[in-house]
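Enquirer:
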Amino acid sequence: MRLFFLVLLLQGCSLYAQFSDNFSDGDFVKNPEWLGLSDWFIVDEAPSSLRLNAPAEAGTAFLFTASQSMEAAIWQFSFRMGFNPSSANYARVYLAADGTDLAQLHAAFYVVLGSSDDHVSLWQVKNGQHERLIKGEAGRLNSSHPEGRVRVTRHRGGEMILETNRDGVWQEEGRVVATEGFSSAWFGLSCHYTSTRSTLFWFMDFLTEGAAFRDTVPSRVETWEVVDARTVRLGFSREIRVETFDKNAFYWLDGGPAIDSVSWMDPVHVHIHLAEDYPNGRLLEAGLQSVLGANGGPVEGAAFTLYFYKTQRYDLVFSEVMADPSPSMGLPGTSYLEIFNRSEQPIPVSGFTLEVGSRRAILKEGVLYPGEYLLLVPSGQATLWSFVENVLELTDWSQLPVSGAEMVLRDNFGDVVAACHYRRDMGQEGFKRDGGWSLEVRDVHNLSGHPTNWDYSIDNVGGTPGRPNSLSTQLPDETAPRIESVYLKSDSCVVFQMTEPMGSDFLSDLEDAWFLPGGLSVQSARLTEPFHSGLEVCFTHKLPQNRGCEMTFRKMPADLAGNTLVTHGPVRFARPLVAQPFDVVINELLYDPPAGGSDFVELYNRSDKHIDLSGLFLSRSNEAGLPETLVPLSTVKRALFPGEYLVLTGDREGLMATYNVPEALGIVLTEGMPNYVVAGGTVVLSDKKASVIDAFTYSEALHYPLLSTTKGVSLERMDADAPTQQEFNWHSASADEGYATPGRENSQSLPPKGSTAPDFISLEPGVFTPNQDGIDDLLRISYAFEKPGYSCSVTIYNRAGQPVRYLVNNELAGTSGFFSWDGLNEQNARCSTGIYVLLVRCFHPSGAVKEAKKVTVLSTH
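If you count the sequence shown from 1, position 90 lands on 475 in the working numbering, and the numbers rise without skipping.
1) Closest by CA to N1183, which one among L945, Q908, V1240, G444?
2) Is it buried or exposed for F390, if we count other Cβ within 10 angstroms and need 16 for buried?
3) Using the Cβ count rule (16 or more neighbours within 10 Å means buried), how would you classify G566?
4) May I have the straight-line CA-CA distance separating W649 from N665, to the nearest angstrom?
5) In the DSSP output, which residue or residues are listed as bridge partners for V655?
6) Give every residue of the same chain whose Cβ lies closer than 7 Å to the Cβ of E1012, excluding the five residues on either side of it in the sequence, and list them in chain order.
7) Go to G919, then tell me how far its beta strand (DSSP E) extends in each direction, as first and last residue.
8) Find out if the Cβ-Cβ distance for the pair E1196, A1120 is shorter than 8 Å.
9) What whole-angstrom Cβ distance do V752 and P733 have, given they're in contact under 8 Å?
10) Just to confirm, are G1065 and E1085 a CB contact at a threshold of 8 Å?
11) What did DSSP end up calling E661 once you bin it into helix, strand or coil?
12) What separation, rounded to the nearest whole angstrom, lies between the Cα atoms of T837 and H830?
13) Is Q509 buried or exposed, if buried means 16 or more other CB atoms sit within 10 Å of its CB?
14) Can you tell me the Cα-Cα spacing of G1035 and V1053, whole angstroms?
15) Going by beta carbon distance, what residues of the same chain come within less than 7 Å of G1139, once the five residues before and after it are set aside?
16) Once DSSP output is grouped into helix, strand and coil, what is the label at K874?
17) Using the C-alpha atoms, what's the distance from C934 back to P955?
18) Check for me: the alpha helix (DSSP H) holding A898 runs from which residue to which?
19) Hey, how far is the Cα of P853 from the Cα of N775?
20) Can you tell me where the alpha helix (DSSP H) with A1042 in it begins and where it stops?
21) Rounded to a whole number of angstroms, what is the C-alpha to C-alpha distance between L435 and A476?
22) On the criterion of 16 or more Cβ atoms from any shown chain inside 10 Å, does A563 qualify as buried, or is it exposed?
23) Which whole-angstrom value describes the C-beta separation of R465 and E532, a residue pair presumed to lie in contact below a C-beta threshold of 8 Å?
24) Which full runs of the beta strand (DSSP E) of 3+ residues lie inside the region 730-761, going along the chain?
25) What residue ranges within the region 1018-1092 form continuous beta strand (DSSP E) runs of no fewer than 3 residues, ordered along the chain?
26) So, are the CB atoms of R626 and L673 less than 8 Å apart?
27) Helix or strand or just coil, what does DSSP make of F413?
28) Can you tell me the Cα-Cα spacing of E430 and P440, whole angstroms?
29) When you compare only the Cα positions, how much space is there between L498 and T485?
30) Under 8 Å by Cβ, that's how I've got S1249 and L487 pegged, so tell me the actual separation to the nearest angstrom.
31) Indicate the three-state DSSP secondary structure (helix, strand or coil) for P683 in the structure shown.
32) Tell me whether Q1212 sits in a helix, a strand or coil according to DSSP, three-state version.
33) Measure the alpha-carbon distance for L856 versus G640 and round it to whole angstroms.
34) In terms of residue numbering, what span does the beta strand (DSSP E) encompassing W571 cover?
35) Identify whether G981 lies in helix, strand or coil by the three-state DSSP scheme.
36) For N1060, count neighbouring C-beta atoms within 10 Å of its own C-beta (all shown protein chains included) and say buried if the count is 16 or more, exposed if not.
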């Protein structure tokens, strides 16, 4: 007997569906109609049942019939198998399904009969994904011929109960509290079998009853976030009607950036694209209007609050570095980095990237609140730092380079948040450099990166991880930035390297930022990464080769503290040429530096070419006369202009502090600077193939013979055009020039050929008034000699012929220069007004003597 009927209940607009089929009439093709592989199924008469009758080969056979039962529904059926089921031989009964293609089902509920542990289970298909809802008792079908009855009940609200009956008693296999319904169209079954089981599946007494699905679940906004400055992402609990969501559906309650467009990422996630940047660090109220859910009702939760903060450069700073933790002063024996949040915003650091040298590590989690510290430690070491509040382990990181490294912290967008280059010598000299003490920042708001803002901790345990630094103080950056080098990044781009990070305000208007004569036109300009300490300017065309160019800043750049850039006129740059022998010469050498100082070599471009320094190398020759290690003058394409000096040294700051240096741009810190020994040797300037550009063999014999010591006294070249090794082309630097002239004209430089030398001695002014009014306060005593080597004495007499001041006593002079008198006597008392006579006596080691008497007047006004 077969029964099939539909009951339409108009009240409530629900559709009640029911069918039953016990196959008693021997027909399964009609009333109701079963679709699928009907040729592989037959009806057995005793007892009446639907049996699989497939070919004797492994396969899957299925049948489906129409059914909409879903709400307050019951599904029942009986089954029998002629074998013990397994993972290769089992059946599925589809209680409700949205299709008949087993591989393409989007939504379904089905019962599985049989598995490797012989249980009955309930499964669902949702968005094409299969999920088990209930796993019945193992062994329930562990029989050679299992049979029984199955009942599944789905209550309103979605609760589902799975029951089985094998011995006349219903037993609950399990229940699931809530399931999401869908519009069902089919009830069906499938048999999965091997060749020997292709006729051993029986099904009887199908019964389904229940109302058709009625969608009462509203769509609601579940997630909302600002992905970046131009994108808002919304997530819904379920699909919505896409045609109701356009850019007008999203609105701001109190004003916000204009909406450009919307795009769907998947059925439940939409991106709202903004035409303007979201205001950084602002809370904005937003909402949706006229958006309908899948059930036709309005979307719930359509009002929400959005917030977005894009981490700014310098919001976070590196505040402490422990690179060498051994020997421990009391802290755990691991290296660490400390980061400080100096901003007023909480900053999520999850996904941030830390770069230390060539190594990278990802920060996995954490939020750093204003004024808080975050300690970064190697993987597996967090437990050692349990006394620190905020600790984060970094994978693939075990140790920091002891000597120093470049550190960069980037946000999720790859933008630099903090950058620092730490070095062991940033701290005070002494035992702390040997390990166990951290480097601390003195002032976290000083962003200059200058070594004076760092020093070794004075805390008695060696550091202050996770708390204020022991050296913490106010140390504002009051030092004006300078340009320390200019080089070409390409034939059309030049980089001006500064001494510290710069602000970018001056780049807001490129046309007004600088003056460029010579027809050059700027295409783009930016600060270089990661430190923002360089300005890269790219031009619309290639720079002309071997032509000097100049740039004058109209709007002067400033550092992060507001100190404006110091320049001495226009900044020069050029696209340089390769040096040929004797284009560039060795012009000055300090091989016996003062205590704590460093050697230096000064080069001079005597040619009319702009020389490429990246093609030049400095070395010293060995006993066989071959150059030793070649040290590059520059790793970037930097031009040495005609008539320009370049000083190479291992201690740039020390040299500038010791000697009078007019322009820091010409002083270059040279890594691996050769050590020119006091005993003598050879300085070699060459190309990368050791082809000599110039070479100078030096010895103590080249110094002025009457010097008491050569320490701190340089050897100066007298004539750049004369052969380098000419015997009389070198001389000790003069005393009145501080015994060295790095980066400027040599004190012993000969006057140009054909020029007229000034008088031997001249005084200026004729009447001087040492009253400290800034006008004629000093008497200038100028001298000039035709050759170097003269030593001078200057004695000042009053009208009575009495000596009042021994101004200079046997002091080595240059080829030209001056002495000065401030009007004081030997007791440092001011001399009375009147006439004074200056006796100047100079002698040369060759025996030549020069003497002069000059008269001056000391007055009060």
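Note that CB positions come from ideal geometry on N, CA and C, so glycine has one too.
Expert: Reading it off the structure:
1) V1240
2) Any reading at F390 needs caution, since the residue's pLDDT is 31, under 50, leaving its predicted position unreliable; the model's value is listed next. By the 10 Å Cβ count, F390 comes out exposed.
3) buried
4) 25 Å
5) L619, W649
6) Residue identity check: residue 1012 is Pro in the sequence provided, not Glu. Once the five neighbours on either side are set aside, the close Cβ partners of P1012 are S1004, S1006, V1069, S1071, A1075.
7) 919-924
8) yes
9) 5 Å
10) yes
11) coil
12) 14 Å
13) buried
14) 8 Å
15) Any reading at G1139 must be qualified, since the residue scores a pLDDT of 48, below 50, and its modelled position is unreliable; no value is offered.
16) strand
17) 9 Å
18) 895-898
19) 13 Å
20) 1037-1043
21) 13 Å
22) exposed
23) 4 Å
24) 738-741, 744-747
25) 1030-1034, 1052-1054, 1066-1071, 1077-1083
26) no
27) coil
28) 21 Å
29) 19 Å
30) No answer is possible for residue 1249: the residues shown for the chain start at 386 and end at 1246.
31) strand
32) coil
33) 46 Å
34) 571-578
35) coil
36) exposed
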